[in-house]
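Chains as they are written, first to last, in the numbering used here: chain A, 1 to 919; chain G, 1001 to 1370.
Structural data, given as structure tokens:
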């Protein structure tokens, strides 16, 4: 018999079946007396067991919250318990042996139905058939009661909120869809895995889906506003999947377009240069994203310049997202969770850049156990360690990556090899701590260093440092806030020893400190409001130029520092007009102050900004507002479901940008100057209109999308001819403001599952500029439109992955794009006794087209979930055809003659082998 | 594995390869017309315009002259002056009577029957140079030449200067003899003293637009460092002054910024600068040069500062006549009579110590030298 009870208890736990409460079998046991004041259930049981021969079976943890205050005199136990459990979710049952079973929800049956013991008519049997399998997960079969239990449930909505986390490591799951099937209501979880959803009260089945996770559901009985945290299991068959979520899940209410989210799993399947997962290179394979060249630092999104992308790593701004000029991306793949690219609809919480937002999120460390992973490639090695600091509460994640090619270089005898050098390292740390259900804090730190010497005499180094602290706070089920402080420090230096007399050190630096508060408020089922404010302080060191040795005759020079403050407030409403029509409307108001101390050049009124017309200076004191700019930005988007699998999206966005990048494209090594808006350099303004059609075929297996856009850009800075940008104290005189327009159409086909998967994207786009002052002598190309440096009309990418078996897959990449424009010197002539070079119209010619094929193979170890270390091998060949794609074209004068050169970085097939492990 | 590793190391280096790049747009660029010169309205002055063609940047040698073209200057009040071709591609116009109130333009008809026309330009009156001065800079490190000028009418405002430098110098040793036809004779030409000159192509510009009066004061023209060796004896500079319109001033300013260099991070960005001349039937055809009409003012300054230490150059062997005639490497400096001998011997030495012509100068005294 005892065994039966054990079984029963087990069943209780598993909720295999349940029955309505039974009060029948209450024998006339001893009567109970007592006077309880705020005692817990354990104490209560002790008292009763002391007075009688009843024996209680219960789950102490389940009954922990119960506090009992009552007085009774000679009451039967049944009556006592009825009072104790009144208005709670607990029930009880007493069997013939005076054993008391206290349970949550339904009471248990204490005896098997027999002929003499009429079986209750209302049995809930376990669901039959396939769903039986799901019973492995007891959470799915449990009925969660949210809010204090009520007999009668008033009709209407209540808000359920909480976190969705991974059951294996406690890490929040971002972008998981939490929804009801009927009525169709849903949200996706935010960056901390938080969701908040207003749904009709009563019994509901909440479904949860996310990339790479096993789909699950929760049965809830919603009485009032409340909290429910959900753990999801990783999908063990996830190896099969390539998922690119584009916020198009028909189940998920989202009106954003031009938004692509890549999870680390997707990133890992794309073959890369050095056999290492590369975030930026994968992003570049998406339609609408290009890069000027292989060695280029920047992304060009929809005809925007490289400085028009806001790159955030855990909310800290990243100024240089790559290592060694783009050979590697600056982000250690083992640290990443996912990356989200917004190229048309930019949520109002982001601002300060015109073209796009690249929001990179790191993983949280494993909250359950210590885990390590890493990889050893031919050029780099990396290692990541993570684990709980306080189990289930806080965790750490640290990662390091470094090249060790220098070490090998030094072992090579040949001088030719020793001439060039390239190395980098990066260090990451991420801490997360859940203070309690309502408060979570995160801290992230990053540091990297790059050293590069290509031609043996000029070295180029840069350092990226950033840190952020974030606090997530749930005020209540409807209001949720995030408070972030971040710091970024980016600097680079160029040093040359080519000519000892001219040996120099050139330094440039930018620092930024920012703080922001962001809130999400669930107004009601139809409206979700997002609002907040932010401020950024910029400190720029535009350049110091110093002799490198005592022999050098270089005169030290230092450009004055610049500072500015950019502040913004925003409000955005997600409005679900009907299940078919969804609107998002946001407004952001930003203000920029250019601040002293600074000595500002003055120019003669009515004359061009030129050194010749410079007329004294004005000095501003520390903190003084030299110039203020500001204005509203509008973010509007709408989605309309045309049929179940076809939707139309439209968006209109305006943005403002107060910091500018000036890039010299005529040199082999990139040197970029960041400049704040000032009296002369106005903020860049941009607006974009986009429209897109999205269709899913074959049960969401194949996704088709077509998006078109038209963009206007005002006050984009281009350089004037004949001026140098480096160490120029009159940068306003070396630049011209231009008006830009960009338009294009992007086609994409994605197949996310099956043996053969991947995507194909084609983009036709143009990006043109024209001087604002078309009559100025400095207006390039006679004041007419000319292609921007990154105008590459045709861009085609195919990423294919074929899975031969669960352990072996092959990927091919094909990339084609039109060569980027350049301005060649096309002739020379003699005037006034001197020879002069003349150039073609700006960007009127193109360097040769770019195409490349890559191949990679992934060989996984066996698929036992539990083993000492999981490992995989990646064998890849970058540039399989060995095409010498020029990444830079430059001209040098030697002995009075101009010589043109093209620099191809990866001009031959590059085979790599990487060993990845996880323990 | 070790082999693999070392293979990998060279990736970044070997794969990064630099190759010559000479696409058709560079090697087969069109050859555009270049107009170098202006209308000289100085009374009694002569105007000269050189026509040539642009060259491909890889071309060696000088530019190709544009010959047998017809050049005329047309006034907007009906005057016409025709240039005549002197040397190949060099067209000249003698003294002519230009009206200060008339605007002129240049018409070019090439042998290939293409016609080009400049914009109408006013005759700009250049005020005279008031003075040239100099200032010793640093610890006798060099000399800076300054110019002073003014326009009482406050109308000129934009100036350009060009200059020619001439300087003389002496060698540490004097060569009094030379070998002529197997005999030692007294040297007729004084090769101890030479004059050199330079025609720098720097574009020197100045404006008084920021000032309430049109006065150029102490405008630097050129800095002559002592190390240039131009200041050993007498240095002379001829400065020519041209008044400009604002448009022409901006043209020269942009031209000044285009150098022959690009490719290093400090080099200027490529600039497009053409001028005010267009093909009559194709406005998009590039023509280089700026046609203007102005008189020229000039002034010369002599500077004698002797701020360079004189060099010492020792004499070499003393040889007999036979030895000199048989095997002389350098020059004969002077005769030497050994005690008790009436046959001279010759003190010789390296030519670098005595022959100023080896240092680029000429022994011909310039007519303006004083």
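Even for Gly, the Cβ is constructed at its ideal location relative to N, Cα and C.
Same chain, Cβ closer than 6 Å to residue 474 of chain A, neighbours up to 5 away in sequence not counted: 438, 480
Output needed for residue 1311 of chain G: all residues of its chain with C-beta closer than 7 Å, excluding positions within five of it in sequence on either side, in chain order. 1172
Neighbourhood of residue 1372 of chain G by C-beta, 7 Å cutoff - its chain only, sequence neighbours within 5 removed: Only positions 1001 to 1370 of chain G appear in this structure, which leaves residue 1372 of chain G out of reach.
Need the endpoints of the beta strand (DSSP E) that residue 589 of chain A sits in, please. 581-595
Proximal residues of chain G, C-beta to C-beta of residue 889 of chain A below 7 Å: 1021
Excluding the five sequence neighbours on either side, which residues of its own chain have a C-beta within less than 6 Å of the C-beta of residue 875 of chain A, listed in chain order? 857, 913
With 9 Å set as the bound, which would you pick, yes or no: does the beta-carbon of residue 1235 of chain G sit closer than that to a beta-carbon of chain A? no
Does the beta carbon of residue 836 of chain A sit closer than 9 Å to a beta carbon anywhere in chain G? yes
What residues of chain A sit near residue 1058 of chain G, judged by a beta carbon separation below 7 Å? 897
Okay, do the segment 551-558 of chain A and the segment 588-597 of chain A touch, 3+ Cβ pairs below 8 Å being the bar? no
What residues from chain A crowd round residue 1026 of chain G, counting only those whose CB sits closer than 8 Å? 824, 825, 826, 900
With distances taken Cα to Cα, identify the nearest neighbour of residue 485 of chain A among A:909, A:471, A:719, A:559. A:471
Cβ of residue 1249 of chain G within 9 Å of any chain A Cβ: yes
Spatial neighbours of residue 54 of chain A within its chain, please: C-beta separation below 7 Å, excluding the five flanking residues on both sides. 29, 48, 77, 98, 100
Whole angstroms is fine: what's the gap from residue 659 of chain A's alpha carbon to residue 1127 of chain G's? 47 Å
Around the C-beta of residue 1101 of chain G, are 16 or more other C-beta atoms found within 10 angstroms, so that it is buried, or is it exposed? exposed
Output, in chain order, the set of chain A residues within a Cβ distance shorter than 8 Å of residue 1199 of chain G. 833
Boundaries of the beta strand (DSSP E) in which residue 696 of chain A is found, first to last residue: 684-697
For residue 158 of chain A, I'd like the list of residues in its chain whose CB is within less than 6 Å of its CB, leaving aside the five on either flank, ordered along the chain. 201, 222, 224, 225
List the residues of chain A whose Cβ lies closer than 8 Å to the Cβ of residue 1052 of chain G, in chain order. 829, 830
Chain A beta carbons: is any one of them nearer than 9 Å to that of residue 1212 of chain G? no
Selected residue, minimal CA-CA separation from residue 1114 of chain G, among G:1079, G:1290, G:1321, G:1280: G:1280
With 16 other Cβ atoms within 10 Å as the buried cut-off, status of residue 649 of chain A: buried
Please give the ranges of any beta strand (DSSP E) in the segment 25-93 of chain A, keeping only runs that are unbroken, at least 3 residues long and fully inside the region. 31-40, 55-57, 67-76
Of all Cβ atoms in chain A, is any one closer than 9 Å to the Cβ of residue 1205 of chain G? yes
Taking the alpha carbon of residue 401 of chain A as the point to measure from, which residue in A:441, A:362, A:449, A:434 has its own alpha carbon closest? A:449
What residue from A:211, A:149, A:451, A:168 has the CA that sits closest to residue 178 of chain A's CA? A:211
Whole-angstrom distance between residue 1068 of chain G and residue 1088 of chain G, CA atom to CA atom: 8 Å
Exposure label - residue 1220 of chain G; buried when at least 16 CB within 10 Å: exposed
Rounded separation between residue 512 of chain A and residue 359 of chain A - CA only: 18 Å
Taking the runs of the beta strand (DSSP E) that are 3 residues or longer, which of them lie wholly in the segment 1101-1139 of chain G? 1103-1109, 1115-1118, 1121-1124, 1129-1137
Measure the C-alpha to C-alpha separation of residue 775 of chain A and residue 1129 of chain G and round it to an integer number of angstroms. 34 Å
List, in chain order, every chain G residue whose beta-carbon is nearer than 8 Å to that of residue 839 of chain A. 1270, 1271, 1272
Which first and last residues belong to the beta strand (DSSP E) in which residue 747 of chain A is found? 735-751
Which value, in whole angstroms, describes the spacing of the CA atoms of residue 1366 of chain G and residue 1195 of chain G? 8 Å
Assuming contact is defined by CB atoms lying nearer than 9 Å, are residue 747 of chain A and residue 694 of chain A in contact in what I supplied? no
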